[in-house]
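Colleague: Going from the sequence shown to my numbering is simple: count from 1 and add 295.
In this text, a Cβ means the ideal position worked out from N, Cα and C, and glycines have one as well.
Take a look at this one; I'll ask things after.
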Amino acid sequence: MARKKKQEEASQGSPAWMATFSDLMNLLLCFFVLLFSMSTIDAEKFEALLASLSGDFSVFQAGSSMVGEDIYVASGATQMVEISQYFTEFTDSGGKDDFKEFQSPEDYEAQYIKEQQEKTESLYDEIVEKTEQENLDGSLTVEADKNNNCVRITIGGAVLFNSGDSELKKEALPIMSRVSDILKSYKDNLIKIEGHTDNVPISGNKYKSNMSLSMARAESVFDFLVEKKKMNPIRLEPSGKGEYVPVADNSSSAGRAKNRRVEFRIYTD
296 MARKKKQEEA
306 SQGSPAWMAT
316 FSDLMNLLLC
326 FFVLLFSMST
336 IDAEKFEALL
346 ASLSGDFSVF
356 QAGSSMVGED
366 IYVASGATQM
376 VEISQYFTEF
386 TDSGGKDDFK
396 EFQSPEDYEA
406 QYIKEQQEKT
416 ESLYDEIVEK
426 TEQENLDGSL
436 TVEADKNNNC
446 VRITIGGAVL
456 FNSGDSELKK
466 EALPIMSRVS
476 DILKSYKDNL
486 IKIEGHTDNV
496 PISGNKYKSN
506 MSLSMARAES
516 VFDFLVEKKK
526 MNPIRLEPSG
536 KGEYVPVADN
546 SSSAGRAKNR
556 RVEFRIYTD
């Protein structure tokens with residue numbers, strides 16, 4: 296019986312392809328070193344870049360090279376500032392990046408509230424001017440609601456409706472037409488239509504409560520704006536408030552007259 300040849304022992308050392316690969320990497324390294332040696336660096340711009348990265352993100356400063364204190368610290372770089380601790384605001388400053396740093400979320404909230412109030416004031420001035428141009432300043436009132444970031448246009452209920460009814464009076468249509476022209480200027484804003492009544496219990500079978508009457512009046516105004524003035528219904532929100540949001544004392548006839556009203560709330564955002 297022929298003897299089996301002994302299996303050839305594996306050659307010692309690394310595979311042959313690894314030597315070729317190492318030579319290739321060395322050549323690439325030499326190539327990039329050569330390119331770098333022939334390049335020029337603007338020292339001022341480089342120092343400015345380092346200062347910016349160091350000041351804003353704590354990069355290139357001496358730091359730890361371990362993970363600790365629940366903050367990620369990469370080996371060879373220092374810890375980055377936690378995003379949740381800072382709020383930044385970008386402004387155009389002649390081509391330079393200018394970031395304003397807020398020390399706390401409360402500062403950011405105060406800044407946001409201030410900006411919203413300024414928007415509300417600007418919106419109020421615009422609407423007052425438009426009502427004067429439409430000769431409506433004697434038929435309605437305009438108020439700025441800074442707490443809710445909106446401007447309220449209020450029309451008395453007696454101007455628009457007969458007592459206990461939700462159908463717009465014929466003599467109210469010209470007023471509503473001019474008001475809608477103002478509202479159409481803010482077609483991209485949310486506009487709430489609110490119906491309000493006094494606290495006198497309603498009598499009759501058509502509406503079971505003041506809430507039902509106020510809702511029907513808001514919907515009647517909504518239908519006018521959508522069907523007659525072709526406003527986008529997506530941006531209109533009718534609602535009835537009944538007797539529950541009075542602006543005057545219901546114990547007097549003058550107060551009850553003020554409470555019977557329709558409000559248009561035009562929001563800044």
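#1: Which word fits Asn321, buried or exposed, when buried means at least 16 other C-beta atoms lie within 10 angstroms of its C-beta?
#2: Based on the DSSP secondary-structure assignment, which residues constitute the bridge partners of Lys487?
#3: Pull up the CB-CB distance for Tyr481 and Ile561, whole angstroms please, since I reckon it's below 8 Å.
#4: What are the boundary residues of the beta strand (DSSP E) that includes Ile448?
#5: Compute the beta-carbon to beta-carbon distance between Ile497 and Glu429, rounded to the nearest angstrom, for a pair I have assumed lies under 8 Å.
#6: In whole angstroms, give me the CA-to-CA distance for Glu413 and Val446.
#7: Quick check: what's the CA-CA separation for Asn494 versus Ala439?
#8: Count the other CB atoms within 10 Å of the CB of Glu489; is the residue buried (16 or more) or exposed (fewer)?
#9: Taking 9 Å as the cut-off, decide whether the C-beta atoms of Arg530 and Asp483 are in contact.
#10: Please state the DSSP three-state secondary structure of Thr315.
Modeller: The structure says:
#1: exposed
#2: BP columns for Lys487 point to Glu532, Arg560.
#3: Right, their Cβ atoms sit about 5 Å apart.
#4: 445-451
#5: That pair is no contact at about 33 Å.
#6: 12 Å
#7: 26 Å
#8: So Glu489 ends up on the buried side.
#9: yes
#10: helix
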